[in-house]
Structures are given as structure tokens and as C-alpha cells.
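Here the structure is laid out as C-alpha cells; the discussion comes afterwards.
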Ligand code: BTN
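Residue numbers (the working numbering): 68 to 303.
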């Protein structure tokens, strides 16, 4: 299968354009922009997307629609595998699906469902800080250039991540989603027994990781076990 690459100098958001192009896109097609004017992240947060970063989306048309979380995991694993092949140490998934270098965020993934008649299609958007500047008001973000001192070829990085994602996608189409889940679990930097910050409305507390699930984390604090959401934790 030959996937198409639609590339642009500047658009609003690769996820939004992918949704608008759904009638013409084929499974595995890529929409790439050098700059996004309305890049968005999880929870509708603004995703700062200047030139120099890697901002793209991949379109999938599943034969049978099931839990789309596997696409996010698949893409997180694909990014991690490629960055590790580039010999960038300290790269891992901050649960559930952020790309981190040690305690700083390098990239994120935003999976959205496209309602297309009675069908459901999927857009997986990936944002990676590569050679770009970082927003001044964000303290725990970094870029590949900052980590390594080198500039990266965006087109090469994109193609490597895309082909890694399609290799992993074969497991999804063959009904072997557990392979993706296991790879994802092994790339997560949060491990059982690790101490983390718990961000409660009443203030920050410390807890210990007891178990890691796809959508929640079980932590122990003062002898009491509880479930927390991704937005409620930070590295210590
Ligand atoms: C996150 O909040 O961590 C997810 C960020 C995802 C950003 C990417 S950049 C390409 C694609 N287009 C968007 O508007 N968002 C995603």
C-alpha cells in the first residue's frame, strides 16, 4: 500500500485538516504542516506549533471500529522506538501517552474520532518539539535540539515514525491489540513503587504508584489506595 503525504507550509491544525479531507484520504495517509496556527492538544489546550517542530496527523479507516485508545498507544510506541533508534537516551512515555525526556515533555498525541456517515474513522495527531523554540511560559518542555544539541531533518523523522506506526498497525488489524498494549506498558516511565506528585485541588501531595492502567493509575497515599487521572499527576 502506498500512503500519500499531504504537506503544507502553514495550516490551522493537521488534525482539523485531516477531518476536512476525510472523503479523499486513504488508510495511513499523512497530513503534515511546517507550522500550525491553531494547533490543539488534549483538553482543547493550545498546542504551540511554530516552524521547526514536527506537526502531523495520520488517518485510519478501521474495518471494524473499536476502542481508539490503541491508536494513541501505537503512535506513542512508534515515536519512542524511532527516537531510541536515534540514540536519544532517557526517552519514554509519561503515562498515559506523552513523550518525555527524563522529566520534560518532548511531544504529545491527540487521537480524535471522525464521524463519517455511519462509519467511524480515526485521526492520530502527533506533535514533537524538534528544532523549534519552546513557549516561554511552559517550564517542563524540551525539544530534540535542546536535548542533543543537533538539528533534525523533519521529513526523515516523519517517514521513520510513519513506517514504524504502520508496522505496529498490522497488529491492530490482525486483532493483536495486546501486542501494542504490552509494548506501550514496557515504554512507560512510571513503574510500580515509584513516588509521584499528586496534584489535588487542595494542594500537592506525594503518593506511591501501585498499578498502571490505560485510563487510571492506582496510587497509595497515607496508607489509602485511590485512582487518579492523567491530569492529576506529575513527576517528583
Ligand atoms: C497533547 O496535548 O499532549 C497532544 C498534543 C498533540 C499536538 C498535535 S500537533 C499535530 C496535531 N494537530 C493538532 O492540532 N494537534 C496535534
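From the three backbone atoms N, C-alpha and C, an ideal C-beta is built for every residue, glycine too.
Every value quoted in this text rests on a predicted model; they were computed, and no experiment measured them.
With a threshold of 8 Å (Cβ to nearest heavy atom), would residue i be considered close to the ligand BTN?
| i | result |
| --- | --- |
| residue 176 | yes |
| residue 82 | yes |
| residue 109 | yes |
| residue 122 | yes |
| residue 194 | yes |
| residue 112 | yes |
| residue 222 | no |
| residue 243 | no |
| residue 165 | yes |
Determine the contact status of residue i and residue j, defining contact as a CB-CB distance below 9 Å.
| i | j | result |
| --- | --- | --- |
| residue 232 | residue 88 | no |
| residue 132 | residue 95 | no |
| residue 191 | residue 138 | yes |
| residue 101 | residue 193 | no |
| residue 71 | residue 92 | yes |
| residue 288 | residue 265 | yes |
| residue 263 | residue 300 | yes |
| residue 359 | residue 124 | Nothing about residue 359 can be read from this structure; the chain reaches only from 68 to 303. |
| residue 149 | residue 224 | yes |
Which word fits residue i, buried or exposed, when buried means at least 16 other C-beta atoms lie within 10 angstroms of its C-beta?
| i | result |
| --- | --- |
| residue 86 | buried |
| residue 271 | exposed |
| residue 228 | buried |
| residue 176 | buried |
| residue 80 | buried |
| residue 243 | exposed |
| residue 280 | exposed |
| residue 222 | exposed |
| residue 105 | exposed |
| residue 250 | buried |
| residue 291 | exposed |
Among the options, which one has its Cα closest to the Cα of residue i?
| i | options | result |
| --- | --- | --- |
| residue 205 | 73, 95, 113 and 134 | 113 |
| residue 184 | 302, 164, 90 and 77 | 90 |
| residue 161 | 228, 147 and 267 | 147 |
| residue 294 | 303, 129 and 275 | 275 |
| residue 208 | 169, 259 and 119 | 169 |
| residue 110 | 123, 179 and 135 | 179 |
From residue i to residue j, what distance separates their C-alpha atoms?
| i | j | result |
| --- | --- | --- |
| residue 210 | residue 200 | 8 Å |
| residue 278 | residue 254 | 15 Å |
| residue 145 | residue 153 | 13 Å |
| residue 151 | residue 196 | 16 Å |
| residue 157 | residue 171 | 10 Å |
| residue 267 | residue 298 | 10 Å |
| residue 186 | residue 217 | 43 Å |
| residue 182 | residue 188 | 7 Å |
| residue 213 | residue 226 | 22 Å |
| residue 164 | residue 283 | 12 Å |
| residue 235 | residue 136 | 14 Å |
| residue 166 | residue 286 | 22 Å |
| residue 130 | residue 252 | 26 Å |
| residue 239 | residue 82 | 21 Å |
So with Cβ pairs under 9 Å, would you call residue i a contact of chain D?
| i | result |
| --- | --- |
| residue 253 | As a matter of chain content, chain D is missing from the structure shown, which is built from one protein chain. |
Is any heavy atom in the ligand ADP found nearer than 8 Å to the beta carbon of residue i?
| i | result |
| --- | --- |
| residue 103 | Ligands displayed in this structure: the ligand BTN; the ligand ADP is not among them. |
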